[in-house]
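Q: Residue numbers (my numbering): 4 to 543.
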Amino acid sequence: MSVLKAKLRPHFRLTVPYESGKYGSRWSNKDLDPVPPEQRTWGGIDYWAYWCSDMLAPPLAATVSSVMSLGFTARETIPIVFFGFAICSVVITLTGKMGATYNVPFPVIIRSIFGMWGSFPAICIRAFVALMWTAILTVQAGNFLQRCLEAIWPSFINFPNHLPDNAGIDSAGLLCVFLYWFAQTALALMPISKLRILFWVKGVIVPPTFFALFLWAVIITKGGGELVTGKFELQSSYMNTAYSALTGLNVIIGLFSSLAVNMPDFGRFSKNRLKGPHQFLALPIIGTLGALTPIFVTSAHSYLWGSFEWYMPAVIAKFDSRAAKFFVSASFMLATIGNQIAAGTYPFSNDVTGMAPKYINIFRATIFISIFCIVSTPWNIIKNAAGLLAFLSGYSCLMGPLAGTMVSDYYLIKKRKLDVDQLYTDRGIYWYNGGWNWRAYASFIIGFAPLLPGFAKSIDNDLNVGGAWKIYTFAWIFGFFLSLSVHYVINTYISKPTESLIEEAVYPPQKGDVSPPVLVGEEEVKDTYLTKEKEVADTV
């Protein structure tokens with residue numbers, strides 16, 4: 004049978020072409036392979052633009068307001084925000100350097116820790132977070148678009164609703180979600196090299212908007228209002244407990260706990276292996292300064308309208324100026340797109356590509372997550388600050404132990420020495436036991452198990468779990484350090500993974516390297532993917 008007929012078979016139509024993967028194996032395709040030297044172009048300024056794009060967005064406003072709903076004033080919230088981001092930034096820097104050193108994304112680096120098959124559950128844990136955040140942000144951005152349309156055509160406020168009350172959304176909101184969805188999907192399908200432009204555009208437009216809102220709130224409240232000065236008391240079920248501060252800290256960490264493990268997705272584009280302290284400083288500086296805006300805006304809302312409001316589209320809807328309503332909404336919509344792609348769509352696409360690179364690439368995965376953003380009806384998820392608080396705390400229970408296991412294995416056990424070629428090799432040194440590294444899973448489960456009672460109570464507050472819920476208030480920190488310690492003990496004193504420990508690291512090609520062809524007799528050995536393609540065609 005000819006190669007042409009073979010490629011017309013469904014199997015060949017579904018598979019990613021072999022020439023898109025350097026290694027020609029089921030673990031490799033172009034999107035997963037080490038980034039070529041000429042594409043490693045991100046410097047310090049690029050990563051600061053990325054963090055501006057990722058942080059100055061509705062999730063920051065919602066999360067900070069959630070901390071304030073615990074009963075904290077601005078003076079108490081700002082230190083919680085700073086230390087929360089500083090703690091998370093340390094781990095983000097450590098994991099980012101993994102990808103920057105070997106120029107591979109999270110789903111590839113995780114193979115060296117959990118095993119080739121064992122990486123799949125770890126990938127699913129992280130991918131689920133990205134999937135949910137992307138869907139949630141689609142609804143928020145749709146609401147910002149609705150505010151824009153109301154500013155242009157005030158009659159749109161009275162758009163007739165044909166949906167029942169239990170639908171969770173009205174007709175106008177659903178229309179705006181679909182309109183935004185088309186724009187977001189088109190941008191998400193852009194290659195990552197072009198997305199740098201989007202991050203830069205957002206870095207120019209969004210920070211001035213945050214600053215303008217901050218000034219507006221300060222002027223309206225004549226200095227900050229009672230919520231900022233500490234004279235206004237919020238009613239919260241979390242008040243007067245010794246663990247309120249730890250709960251708030253856990254919420255802040257939870258906002259970026261997923262990025263704490265998938266930072267290799269972006270670190271792999273670094274041109275200098277993330278040298279310098281800029282990566283650590285960006286998160287607490289940008290995050291803390293950015294947090295001032297939702298704090299003061301929330302204070303202004305309580306000053307003007309007498310209630311605590313964390314949802315920014317609801318705040319903007321009350322603006323009297325149509326110009327202010329339009330420009331603020333448009334800026335927040337741009338902020339949401341940047342955050343959605345940087346923290347949701349792109350990491351998710353990398354994750355699922357790592358599970359089936361023969362059939363899935365970033366383009367196909369992006370199509371999938373875009374469809375999910377509609378069929379999942381995410382407007383039923385975001386209803387109040389308490390629900391968001393439970394969601395953030397819940398997934399940080401998983402992200403903390405996962406990050407702790409990663410950091411311990413890479414830095415303490417393997418001493419930063421990996422063989423990049425073996426990360427794409429079937430039954431290589433990272434195969435462990437049947438493709439699974441039981442040591443990593445033992446560390447992860449031990450770090451997560453003590454948090455289960457608190458996690459259950461966060462879902463059903465009527466459950467009686469004794470004092471176990473108190474550990475849950477600082478779930479990420481507890482899980483991170485427990486898994487890190489347990490993994491070190493297991494690999495050092497109980498079962499040393501000698502097959503995966505190497506004397507010299509094997510890196511991907513660097514800029515300026517010359518790789519001469521390997522000769523066998525008189526013929527040059529062909530590239531792996533060409534050889535593999537010929538073998539498949541001949542077999543068929």
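Beta carbons are placed, not taken as given, at the ideal position from N, Cα and C, and that holds for glycine.
Please report the straight-line C-alpha distance between THR224 and ARG78, rounded to a whole angstrom.
A: The residue you call residue 224 lines up with position 221 of the sequence shown. The residue you call residue 78 lines up with position 75 of the sequence shown. Spanning the two alpha carbons is a distance of roughly 16 Å.
Q: Going by DSSP, what residue range makes up the alpha helix (DSSP H) through ARG78?
A: Within the sequence shown, the letter at position 75 stands for residue 78. Taken as a continuous stretch (DSSP letters only), the alpha helix (DSSP H) holding ARG78 covers 77 to 105.
Q: Kindly list the residues whose CB is nearer than 7 Å to the CB of ALA333, restricted to its own chain and excluding five residues on each side of it in sequence; keep chain order.
A: Within the sequence shown, the letter at position 330 stands for residue 333. Result list for ALA333: CYS151, in chain order.
Q: From this set, LYS328, ALA64, ALA170, which residue's C-alpha is nearest ASN383's C-alpha?
A: By one-based count along the sequence shown, residue 383 stands at place 380. Ranking the options by Cα distance to ASN383, first place goes to ALA170.
Q: Alpha carbon to alpha carbon, how far is ILE497 from VAL254? Give it in angstroms, no decimals.
A: Your numbering for residue 254 matches position 251 in the sequence shown. Your numbering for residue 497 matches position 494 in the sequence shown. Computed Cα separation, rounded: 35 Å.
Q: Return the CA-CA distance between ASP36 and LYS328, expressed in angstroms with no decimal places.
A: By one-based count along the sequence shown, residue 36 stands at place 33. By one-based count along the sequence shown, residue 328 stands at place 325. Answer to the nearest angstrom: the Cα atoms are 45 Å apart.
Q: With 16 other CB atoms within 10 Å as the buried threshold, where does VAL331 fall?
A: In the sequence shown, counting from the first residue as 1, residue 331 sits at position 328. Buried: at least 16 other Cβ atoms inside 10 Å.
Q: So the alpha helix (DSSP H) LYS328 belongs to, where does it begin and stop?
A: Numbered from its first residue, the sequence shown carries residue 328 at position 325. Note, LYS328: alpha helix (DSSP H), 325 to 343.
Q: Starting from the Cα of GLU507, find the closest Cα among PHE483, LYS417, LYS499, GLY176 and give me that residue.
A: As a position in the sequence shown, residue 507 is number 504, starting the count at 1. The shortest C-alpha separation from GLU507 is found at LYS417.
Q: Leaving out five residues before and five after ILE208 in sequence, what residues of the same chain have Cβ atoms less than 7 Å from its Cβ?
A: Here residue 208 refers to the residue found at position 205 when the sequence shown is read from its first residue. Closer than 7 Å at Cβ, skipping near neighbours: SER334, LEU337.
Q: Label PHE185 either buried or exposed according to how many other C-beta atoms from any shown protein chain fall within 10 Å of its C-beta, with 16 as the threshold for buried.
A: Position 182 of the sequence shown, counted from the start, is the residue given in the question as residue 185. That one is exposed.
Q: Quick one: what's got a C-beta closer than 7 Å to LYS321's C-beta in the same chain, skipping five residues either side?
A: Mapped onto the sequence shown, residue 321 falls at position 318. Closer than 7 Å at the Cβ level, and outside the excluded window around LYS321, lie TRP308.
Q: Can you list, in chain order, the residues of its chain with a C-beta nearer than 7 Å to that of VAL264? Leave out the 5 residues immediately preceding and following it.
A: In the sequence shown, residue 264 corresponds to position 261, counting from 1. The residues are THR98, PHE109, ARG129, MET402, LEU405, ALA406, MET409.
Q: For a quick check, are the C-beta atoms of TYR398 and GLY257 less than 8 Å apart?
A: As a first step, residue 398 must be located in the sequence shown, where it is residue number 395. As a first step, residue 257 must be located in the sequence shown, where it is residue number 254. Against a cut-off of 8 Å, the Cβ pair of GLY257 and TYR398 comes out as a contact.
Q: Note down, one range per segment and in chain order, each alpha helix (DSSP H) of at least 4 residues found wholly within the stretch 423 to 506.
A: Listed in chain order, the complete alpha helix (DSSP H) runs (minimum 4 residues) inside the stretch 423 to 506 are 441 to 451, 455 to 462, 472 to 475, 478 to 492.
Q: Kindly identify the DSSP beta-bridge partner or partners of SER273.
A: The residue labelled residue 273 in the question sits at position 270 within the sequence shown. SER273 is bridged to TRP45.
Q: With a CB to CB cut of under 8 Å and the five nearest residues on each side skipped, what residues in its chain are close to PRO163?
A: If you number the sequence shown from 1, residue 163 lands on position 160. So the qualifying residues of the chain are SER174.
Q: Kindly indicate which three-state DSSP category VAL264 falls into: helix, strand or coil?
A: Position 261 of the sequence shown, counted from the first residue, corresponds to residue 264. Three-state DSSP puts VAL264 in a helix.
Q: For VAL38, name the three-state secondary structure that DSSP assigns.
A: Your numbering for residue 38 matches position 35 in the sequence shown. If DSSP states are grouped into helix, strand and coil, VAL38 belongs with coil.
Q: PRO62 lies in the alpha helix (DSSP H); which residues open and close that run?
A: Looking up residue 62 in the sequence shown gives position 59. Looking at the DSSP string, the run of the alpha helix (DSSP H) that includes PRO62 is 61 to 71.
Q: Whole angstroms are fine: how far does the CA of PRO511 sit from the CA of MET4?
A: By one-based count along the sequence shown, residue 4 stands at place 1. By one-based count along the sequence shown, residue 511 stands at place 508. A caution first: MET4 carries a pLDDT of 45, below 50, which makes its placement in the model too unreliable to give a value.
Q: Count the other CB atoms within 10 Å of the CB of LYS278; is the residue buried (16 or more) or exposed (fewer)?
A: As a first step, residue 278 is located in the sequence shown; it is residue number 275 there, counting from the start. Classification of LYS278: exposed, given that the 10 Å Cβ count is below 16.
Q: Please state if the CB of THR428 and the CB of ALA191 are separated by a distance shorter than 8 Å.
A: Within the sequence shown, the letter at position 188 stands for residue 191. Within the sequence shown, the letter at position 425 stands for residue 428. No, they are not a contact pair.
Q: Beta-carbon of SER68 versus every beta-carbon of chain D: anything under 8 Å?
A: Absence of chain D from the displayed structure is noted, only one protein chain being present.
Q: Please state whether the Cβ-Cβ distance between SER260 and ALA133 is less than 8 Å.
A: For this step, residue 260 is matched to residue 257 along the sequence shown. For this step, residue 133 is matched to residue 130 along the sequence shown. No, the Cβ-Cβ distance between SER260 and ALA133 is not below 8 Å.
Q: Beta-carbon separation of GLY457 and LEU252 under 8 Å?
A: Numbered from 1 along the sequence shown, position 454 holds the residue referred to as residue 457. Numbered from 1 along the sequence shown, position 249 holds the residue referred to as residue 252. No, these two residues do not count as a Cβ contact at 8 Å.
Q: Are the stretch 279 to 294 and the stretch 43 to 62 touching, with three or more C-beta to C-beta distances below 8 Å?
A: Result yes; three or more Cβ-Cβ pairs closer than 8 Å.
Q: Give the straight-line distance between the Cα atoms of TYR241 and VAL231, rounded to the nearest whole angstrom.
A: Position 238 of the sequence shown, counted from the first residue, corresponds to residue 241. Position 228 of the sequence shown, counted from the first residue, corresponds to residue 231. Low confidence applies here, because TYR241 scores a pLDDT of 46, under 50, leaving its location unreliable; read the following figure in that light. Using only the alpha carbons, I get a separation of about 19 Å.
Q: Tell me, which residues are paired with VAL509 by DSSP?
A: Working through the sequence shown from its first residue, we reach residue 509 at position 506. DSSP, once it has assigned bridges, lists ASP422 as partnering VAL509.
Q: Could you spell out the range, first to last residue, of the alpha helix (DSSP H) harbouring ALA154?
A: In the sequence shown, residue 154 corresponds to position 151, counting from 1. Run containing ALA154: 122 to 155, per the alpha helix (DSSP H) assignment.
Q: Please classify ARG442: is it buried, with 16 or more other beta-carbons within 10 angstroms of its beta-carbon, or exposed?
A: To locate residue 442, count along the sequence shown from 1; it is residue 439. ARG442 is buried by the Cβ-count criterion.
Q: Closest to ASP268 by C-alpha separation, out of PRO157, ILE112, PHE123, VAL70, would be which residue?
A: Working through the sequence shown from its first residue, we reach residue 268 at position 265. The candidate whose alpha carbon is nearest that of ASP268 is ILE112.
Q: Between which two residues does the alpha helix (DSSP H) harbouring ASN353 extend?
A: Counted from its first residue, the sequence shown places residue 353 at position 350. Its alpha helix (DSSP H) spans residues 349 to 358.
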